[in-house]
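**Student:** Just so it is clear: in the sequence shown, position 275 is 275 by the working numbering, and no numbers are missing.
Yeah, the Cβ is synthetic: ideal placement off N, Cα and C, and Gly gets one too.
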Amino acid sequence: MDPTSEQLLWMYEKMVEIREYEETMAKVYLEGKLPPKIQKGLAFDIGAGPVPGEMHLAAGQEPVAVGVCAHLKAEDAVVGAHRPHHFAIAKNVDLNAMTAEMFGKVTGLGRGKGGHMHLFDPAVKFSCSGIVGASAPQACGAALAAKKLGKDWVAIGFFGEGAANQGAFHEALNLASLWKLPVIFVCEDNKYGISVEKQDSTSIESNADRAAGYGMPGVLVETNDAVAVFRAAGDAVARARRGEGPTLIEVKTDRYLGHFQGDPETYRPKGEAQELRTHDPIPALGALLRARDLLDDAGDARLRQAVSARVEAAYAFGRNSPYPEPSEALLHVFAD
Numbered sequence: 001m002d003p004t005s006e007q008l009l010w011m012y013e014k015m016v017e018i019r020e021y022e023e024t025m026a027k028v029y030l031e032g033k034l035p036p037k038i039q040k041g042l043a044f045d046i047g048a049g050p051v052p053g054e055m056h057l058a059a060g061q062e063p064v065a066v067g068v069c070a071h072l073k074a075e076d077a078v079v080g081a082h083r084p085h086h087f088a089i090a091k092n093v094d095l096n097a098m099t100a101e102m103f104g105k106v107t108g109l110g111r112g113k114g115g116h117m118h119l120f121d122p123a124v125k126f127s128c129s130g131i132v133g134a135s136a137p138q139a140c141g142a143a144l145a146a147k148k149l150g151k152d153w154v155a156i157g158f159f160g161e162g163a164a165n166q167g168a169f170h171e172a173l174n175l176a177s178l179w180k181l182p183v184i185f186v187c188e189d190n191k192y193g194i195s196v197e198k199q200d201s202t203s204i205e206s207n208a209d210r211a212a213g214y215g216m217p218g219v220l221v222e223t224n225d226a227v228a229v230f231r232a233a234g235d236a237v238a239r240a241r242r243g244e245g246p247t248l249i250e251v252k253t254d255r256y257l258g259h260f261q262g263d264p265e266t267y268r269p270k271g272e273a274q275e276l277r278t279h280d281p282i283p284a285l286g287a288l289l290r291a292r293d294l295l296d297d298a299g300d301a302r303l304r305q306a307v308s309a310r311v312e313a314a315y316a317f318g319r320n321s322p323y324p325e326p327s328e329a330l331l332h333v334f335a336d
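Written out as structure tokens, the structure reads:
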């Protein structure tokens, strides 16, 4: 299954949007968090600045999000992990409301109470959480609902390779296969689980091989390429819609930034991130579009100008929106 011209252009534009959004957040997040603007003696203040808390960015991992989401309908569910922005943007989550949520503003997806790891947009059936491995069972829940309703909807559970060592991952695959759920598990292998290399934490070279133990197809995408991901995801989504059950896909992808913003990255070999950028998937896809006469320099400039306008508007909306009133502190809170 190869992408149409329209799908290729959509994937390229979304990848450009994701990258610009992430690189903008990389700068905005550090505002006010570094000396001399913080308490003396501190090197970094995670609670300071306009975007407090941790921040996990996915620059370099765009092909995974767009290659899968290019196949999805509005009714299909996507569950992301704690590094969620590329999935959210590819699933058409409202960019203004998502950004406002990260700024802690009342106009955010969760009225400013969830932050960047807890983004929920029921309008497009997107969710995520900061719990490692939680996306797999949650995606099973969405898939089970679709099956009981008799719909051809599918659910996607995105997670990192470190999450494949969590018990929830194995429980979810077992139930998904047993019940033939329309779910696709997508593992982003960016080599590092926080600061630990995969070879030091995982007993198997490819997590896709684990699918065999649960009676489902396991597909390894060995290149960080949007078209390769699209092909693998297309087969898996079609299989799920036919009622044939789940698929596990593992994609070898690249994380250009640290595990979190402010991460000193002392665990990475010197120059590794710079070397990874020499294989950037965005120019690669752009070159393919040019080779097929689907894009030229003028068209690329117009596309990037439109993307920049959307991203700039989202950040302006986030900055300028009001904070929740103190009286809202006890609203929308679950307690027993």
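(1) Do A232 and I204 have their C-beta atoms closer together than 8 Å?
(2) Find the nearest neighbour of Y315 within the set R83, F103, G299, judged by alpha-carbon distance.
(3) List the endpoints of the continuous beta strand (DSSP E) containing A77.
(4) Q39: buried (16+ other C-beta within 10 angstroms of its C-beta) or exposed?
(5) Measure the beta-carbon distance from G32 to A48 and round it to whole angstroms, keeping in mind my assumption that it falls under 8 Å.
(6) Throw me the rounded Cβ distance for the G60 and R255 pair, which I believe falls under 8 Å.
(7) According to DSSP, simplified to helix, strand and coil, what is E328?
(8) With three or more beta-carbon pairs closer than 8 Å as the criterion, would you say the stretch 161 to 180 touches the stretch 209 to 220?
(9) Does the stretch 115 to 127 touch the stretch 77 to 84, meaning 3 or more C-beta pairs lie closer than 8 Å?
(10) In angstroms with no decimal places, state the Cα-to-Cα distance between E54 and Q261.
(11) For L285, I'd like the list of residues in its chain whose CB is within less than 6 Å of its CB, leaving aside the five on either flank, ordered along the chain.
(12) Tell me which residues share the same chain as S321 and place their Cβ nearer than 6 Å to its Cβ, disregarding the 5 neighbours each side in the sequence.
(13) What number of angstroms, rounded off, separates the C-alpha of P324 from the C-alpha of S308?
(14) Is it true that the CB of A236 sits closer than 8 Å to the CB of V221?
(15) On a CA-only basis, which of T266, A208, R241 is nearest V196? Give me that one, please.
(16) Between A143 and F159, is the Cβ-Cβ spacing less than 8 Å?
(17) Below 8 Å on the Cβ atoms is my contact criterion, and I expect S201 with G193 to pass it. Report the Cβ-Cβ distance as a whole number of Å.
(18) Please identify the residue among P50, W10, D263, V78 whose C-alpha is closest to the C-alpha of G318.
(19) Taking the CB atoms as reference points, tell me whether A155 and A146 lie closer together than 8 Å.
(20) Measuring alpha carbon to alpha carbon, tell me which of L173, I184, G112 ends up nearest V333.
(21) For the beta strand (DSSP E) that contains G286, what are its first and last residues?
(22) Between N190, A77, Y21, Q7, which has its C-alpha nearest A240's C-alpha?
(23) If we require 3 or more residues per run, which beta strand (DSSP E) segments fall completely within the stretch 201 to 252?
(24) Does S327 pass the burial test, meaning 16 or more other C-beta atoms within 10 Å, or should it be called exposed?
(25) Answer yes or no: does any C-beta atom of chain C fall closer than 8 Å to that of V183?
(26) Could you pull the start and end residues of the alpha helix (DSSP H) that D189 belongs to?
(27) Quick check on the DSSP output: what are the complete beta strand (DSSP E) runs of length 3 or more inside the stretch 95 to 171, in order along the chain?
(28) Taking the Cβ atom as the reference point for each residue, do T342 and V64 lie within a distance shorter than 8 Å?
(29) The alpha helix (DSSP H) with V311 in it runs from where to where?
(30) Look at the alpha carbon of D189 and the alpha carbon of A90, and state the distance between them as a whole number of angstroms.
(31) Check E197 in the structure and name its three-state DSSP category.
(32) Which residues share a DSSP beta bridge with Y192?
**Tutor:** Short version:
(1) Counting from 1 along the sequence shown, the entry for residue 232 is found at position 232. Counting from 1 along the sequence shown, the entry for residue 204 is found at position 204. Contact flag unset, no.
(2) By 1-based counting over the sequence shown, the position of residue 315 is 315. Comparing alpha carbon positions, the residue from R83, F103, G299 closest to Y315 is F103.
(3) Taking the sequence shown and counting its residues from 1, the one referred to as residue 77 is at position 77. Counting along the chain, A77 sits inside the beta strand (DSSP E) bounded by residues 77 to 80.
(4) For the purposes of this step, residue 39 is taken as the residue at position 39 of the sequence shown. Answer is exposed; the Cβ neighbour count stays below 16.
(5) Numbered from its first residue, the sequence shown carries residue 32 at position 32. Numbered from its first residue, the sequence shown carries residue 48 at position 48. Indeed, because the Cβ distance is near 5 Å, the residues count as touching under 8 Å.
(6) Looking up residue 60 in the sequence shown gives position 60. Looking up residue 255 in the sequence shown gives position 255. About 6 Å separates the two Cβ atoms, so the contact holds.
(7) Translated into the one-based positions of the sequence shown, residue 328 becomes position 328. E328 falls in the helix class under three-state DSSP.
(8) Yes, since at least three Cβ pairs between the stretch 161 to 180 and the stretch 209 to 220 fall closer than 8 Å, the two stretches touch.
(9) They touch, by the three-pair rule.
(10) Counting from 1 along the sequence shown, the entry for residue 54 is found at position 54. Counting from 1 along the sequence shown, the entry for residue 261 is found at position 261. Between the C-alpha atoms of E54 and Q261 there is a straight-line separation of about 7 Å.
(11) Locating residue 285 in the sequence shown gives position 285, where the first residue counts as 1. Contacts found: Y12, A226.
(12) Mapped onto the sequence shown, residue 321 falls at position 321. A100, K105, T107.
(13) Along the sequence shown, read from residue 1 onward, the residue named residue 324 stands at position 324. Along the sequence shown, read from residue 1 onward, the residue named residue 308 stands at position 308. In a straight line, the C-alpha of P324 is about 28 Å away from that of S308.
(14) Taking the first residue of the sequence shown as position 1, residue 221 is located at position 221. Taking the first residue of the sequence shown as position 1, residue 236 is located at position 236. No, the pair does not count as a contact, with Cβ atoms beyond the cut-off.
(15) Here the question's residue 196 lines up with position 196 in the sequence shown. Taking only the C-alpha atoms, the option nearest V196 is T266.
(16) As a first step, residue 143 is located in the sequence shown; it is residue number 143 there, counting from the start. As a first step, residue 159 is located in the sequence shown; it is residue number 159 there, counting from the start. Going by C-beta atoms, A143 is not nearer than 8 Å to F159.
(17) By 1-based counting over the sequence shown, the position of residue 201 is 201. By 1-based counting over the sequence shown, the position of residue 193 is 193. Their Cβ separation, rounded to whole angstroms, is 6 Å, which keeps S201 and G193 in contact under 8 Å.
(18) In the sequence shown, residue 318 corresponds to position 318, counting from 1. Distances from the alpha-carbon of G318 to those of P50, W10, D263, V78 put P50 closest.
(19) Locating residue 155 in the sequence shown gives position 155, counting from the first residue. Locating residue 146 in the sequence shown gives position 146, counting from the first residue. Yes, the pair counts as a contact, with Cβ atoms nearer than the cut-off.
(20) Reading the sequence shown from its first residue, position 333 is the one you call residue 333. Closest by alpha carbon: G112.
(21) Working through the sequence shown from its first residue, we reach residue 286 at position 286. In the DSSP assignment, G286 falls outside any beta strand (DSSP E) and within the unbroken alpha helix (DSSP H) covering 281 to 291.
(22) Counting from 1 along the sequence shown, the entry for residue 240 is found at position 240. Closest by alpha carbon: A77.
(23) Segments of the beta strand (DSSP E) lying fully in the stretch 201 to 252: 218 to 221, 247 to 252.
(24) Position 327 of the sequence shown, counted from the first residue, corresponds to residue 327. Under this definition S327 is an exposed residue.
(25) Of the chains in the structure shown, none is chain C; there is only one protein chain.
(26) Taking the first residue of the sequence shown as 1, we reach residue 189 at position 189. Here D189 belongs to no alpha helix (DSSP H); instead the beta strand (DSSP E) covers 183 to 189.
(27) 126 to 128, 155 to 160, all fully within the stretch 95 to 171.
(28) Nothing can be reported for residue 342, as the shown portion of the chain is limited to 1 through 336.
(29) Taking the sequence shown and counting its residues from 1, one reaches residue 311 at position 311. Its alpha helix (DSSP H) spans residues 297 to 320.
(30) For the purposes of this step, residue 189 is taken as residue 189 along the sequence shown, with counting starting at 1. For the purposes of this step, residue 90 is taken as residue 90 along the sequence shown, with counting starting at 1. Between the C-alpha atoms of D189 and A90 there is a straight-line separation of about 19 Å.
(31) As a first step, residue 197 must be located in the sequence shown, where it is residue number 197. Note: E197 maps to strand in three-state DSSP.
(32) Here residue 192 corresponds to residue number 192 of the sequence shown, with the count starting at 1. Looking at the DSSP assignment, Y192 forms a beta bridge with E197.
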